[in-house]
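Student: Residue numbers (this note's numbering): 2 to 596. Backbone N, C-alpha and C define an ideal beta-carbon position, used for all residues, glycine too.
Printed below as a string of structure tokens:
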């Protein structure tokens, strides 16, 4: 009771985390994770660890029963993942649990069945060394909790995250992960770098920069990603303390500050850092999930982490600055052997700066600067387009019902700060946000392609290949039919490679990785079950990724076309996310500015 945390199983991923950590504590070298229906139907973990005796197997499901510590003082010298004895009791309270376990020295193992904390069957069984625990029908007796679980895609993503965290911290353990009879991961025993590459994809290897530092306070090892591969998502950021995954905003800031000046705006660094600290200098019993920790000397740890990452980036010439050298400033080494001589100074004794003429015709001084002739102020404005002057005559002449000026007159339209499109109206001026306007136009076009007609696809001369993590490839495969409706044509190859052979006609090839990253990120958050909601979200996500960026210049024709297409939309005032697209500034409001 002194260390009780009120552990509650919130979702299938919580069960996966606890069972995998128990298998690690049991000294397993091979662990298999089997999932059905994102863990709602089945979560099964099989390991070849030391197993349990009949007494321990029965006691393991009692609240606060643990064999990993003997008293509260052991909290300051933890060698295991679990120590509170709460997880299995919490799982058994809200699911159907079956357990098979056997120690190497025993002839027979133990089979146990528990439903809602009640033991319904216990008997000896023939089984191999290790433990197999199956959790079925999660929240079967708590329907309110089951009702509020997210979609299968979201729950599977959370389970995959927990699997990644355990797998990265323990490369000395082989792990397998299957979902609905499909093997997602088969990770052999390896080193840290190879384990990261096996999880994240083969192309990850070239993106990693090793970090190594050892002090009296902490030993740091691991890898950071090169700045050019930074992404807007925050998923690839892992801290491990004594082989335990943690979340720590203060240390995250230390890594981010080490990347200062190397990342694009809103991009996040990638890192996989393993910290080894004295066990009595860290408290992990703060949060039920044990992901929040408290260090004795956080300020020193911050400085060491920041310096270590900065040193690694500098050591591998990540932040080296190369200046272009002018060839005329290069001095050959042979010049060092030449003798130097004093420069000769020639003086004209007959020069008189106060005289208009010199002593001879050859010494006539001519001024080096001539003052320009005075110019009338009216000439400064000569040649300006008369249509650009601030005159209200067009309001009196034009009486058409169009919001814009008469089409016979050239429309006054220009770009401001490469972000806004300014167009004149009868009543004043229209200011359009170019990125949001293009996003609105693309959204309606893409939604029409997905739901009504197939979009046009431009075939690539050279297919584009992207190496993605397994879970991201799975998300794209699920969305493949809808993406093909918009013009995306792709197929999956071996080693988690996606080969793209066709793109939507409005999408530039250089923006493909960013657009796909946005699609995957939005899908990971939650994918609606209704087909129209899926199509709507996909159209909005693709439009946001494909729209012209703020800072890009536009031609006169492009601006006019964008304005025409915007006001041909069914809804032109707001983006799909409800953001304002344009504002109308009337002449009256401008007059008020001068009062």
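Let me know the secondary structure DSSP gives residue 476 once reduced to three states.
Tutor: helix
Student: Please classify residue 87: is it buried, with 16 or more other beta-carbons within 10 angstroms of its beta-carbon, or exposed?
Tutor: buried
Student: Check whether the stretch 260 to 270 touches the stretch 219 to 234, counting contact only when three or more Cβ pairs, one atom from each stretch, lie closer than 8 Å.
Tutor: yes
Student: If you count every other CB in all the chains shown that lies within 10 Å of the CB of residue 464, and 16 or more means buried, which is it?
Tutor: exposed
Student: Suppose contacts are defined by Cβ-Cβ distances below 8 Å. Is residue 237 in contact with residue 301 by that definition?
Tutor: no
Student: By the DSSP assignment, the beta strand (DSSP E) with residue 32 in it spans what residues?
Tutor: 31 to 37
Student: Just curious, the beta strand (DSSP E) that residue 276 is in, first and last residue?
Tutor: Note, residue 276: beta strand (DSSP E), 272 to 277.
Student: I need the straight-line Cα distance from residue 502 to residue 567, nearest angstrom please.
Tutor: In this structure, the alpha-carbon of residue 502 lies about 30 Å from that of residue 567.
Student: Give the C-beta separation of residue 16 and residue 139 to the nearest angstrom, bearing in mind that I take them to be a contact with Cβ-Cβ under 8 Å.
Tutor: 7 Å
Student: For the beta strand (DSSP E) that residue 179 lies in, which residues bound it at each end?
Tutor: 175 to 180
Student: Which residue marks the beginning of the alpha helix (DSSP H) containing residue 441, and which one marks its end?
Tutor: 435 to 452
Student: Have a look at 469, 429 and 520 and flag the residue whose alpha-carbon is nearest the alpha-carbon of residue 592.
Tutor: With distances taken between Cα atoms, residue 592 lies closest to 429.
Student: How many Å lie between residue 193 and residue 314 at the Cα?
Tutor: 19 Å
Student: Start and end of the beta strand (DSSP E) containing residue 97?
Tutor: 97 to 103
Student: Mind reading off the beta-carbon distance from residue 448 to residue 547? Whole number of angstroms is fine, and I expect it under 8 Å.
Tutor: Between residue 547 and residue 448 the Cβ distance is about 13 Å, and since that is not below 8 Å, they are no contact.
Student: Contact between the stretch 199 to 215 and the stretch 138 to 158 is defined here as three or more beta-carbon pairs at a separation below 8 Å; is this criterion met?
Tutor: no
Student: Would you identify the three-state DSSP class for residue 187, choosing helix, strand or coil?
Tutor: strand
Student: Are the Cβ atoms of residue 582 and residue 441 separated by less than 8 Å?
Tutor: A contact, by the Cβ cut-off of 8 Å.
Student: Quick check on the burial criterion: 16 or more other C-beta atoms within 10 angstroms. Buried or exposed for residue 304?
Tutor: exposed
Student: Let me know if residue 272 comes out buried or exposed under the rule of 16 or more other beta-carbons within 10 Å of its beta-carbon.
Tutor: The residue in question, residue 272, is buried, as its Cβ has 16 or more Cβ neighbours within 10 Å.
Student: Looking at the structure shown, is residue 556 part of a helix, part of a strand, or coil, going by DSSP?
Tutor: coil
Student: Go through its chain and collect everything with a Cβ distance to residue 584's Cβ below 6 Å, but skip five positions before and after it.
Tutor: In its chain, beyond the 5 residues on either side, 432 have a beta carbon closer than 6 Å to the beta carbon of residue 584.
Student: Please list the terminal residues of the continuous beta strand (DSSP E) segment that includes residue 213.
Tutor: 209 to 215
Student: If you draw a straight line from the C-alpha of residue 426 to the C-alpha of residue 587, how long is it?
Tutor: 9 Å
Student: Based on the DSSP secondary-structure assignment, which residues constitute the bridge partners of residue 430?
Tutor: 425 and 586
Student: Only counting runs of 4 or more residues, tell me where the alpha helix (DSSP H) segments fall wholly within the stretch 92 to 166, in order along the chain.
Tutor: 144 to 148
Student: Tell me the DSSP secondary structure of residue 222 in three-state form.
Tutor: strand
Student: Does DSSP put residue 393 in a helix, a strand or coil?
Tutor: Only weak support exists for where residue 393 lies, its pLDDT of 44 falling under 50; the value from the coordinates is given anyway. Coil, per DSSP.
Student: Between which two residues does the beta strand (DSSP E) containing residue 197 stretch?
Tutor: It is not in any beta strand (DSSP E) - residue 197 instead sits in the alpha helix (DSSP H) that spans 193 to 201.
Student: Please find out if some non-hydrogen atom of the ligand MN comes closer than 7 Å to the beta-carbon of residue 459.
Tutor: The model depicted lacks the ligand MN and carries no ligand whatsoever.
Student: From what residue to what residue does the alpha helix (DSSP H) around residue 19 run?
Tutor: 13 to 26
Student: Can you give me the Cβ contacts of residue 524 inside the same chain, cut-off strictly under 6 Å, excluding the 5 residues immediately before and after it?
Tutor: 476
Student: Spatial neighbours of residue 112 within its chain, please: C-beta separation below 6 Å, excluding the five flanking residues on both sides.
Tutor: 101, 124 and 126
Student: Out of curiosity, what's the CA-to-CA distance linking residue 450 and residue 482?
Tutor: 12 Å
Student: Between the beta-carbon of residue 184 and the beta-carbon of residue 40, is there less than 8 Å?
Tutor: At least 8 Å separates the beta-carbon of residue 184 from that of residue 40.
Student: By DSSP, does residue 521 sit in helix, in strand, or in coil?
Tutor: helix
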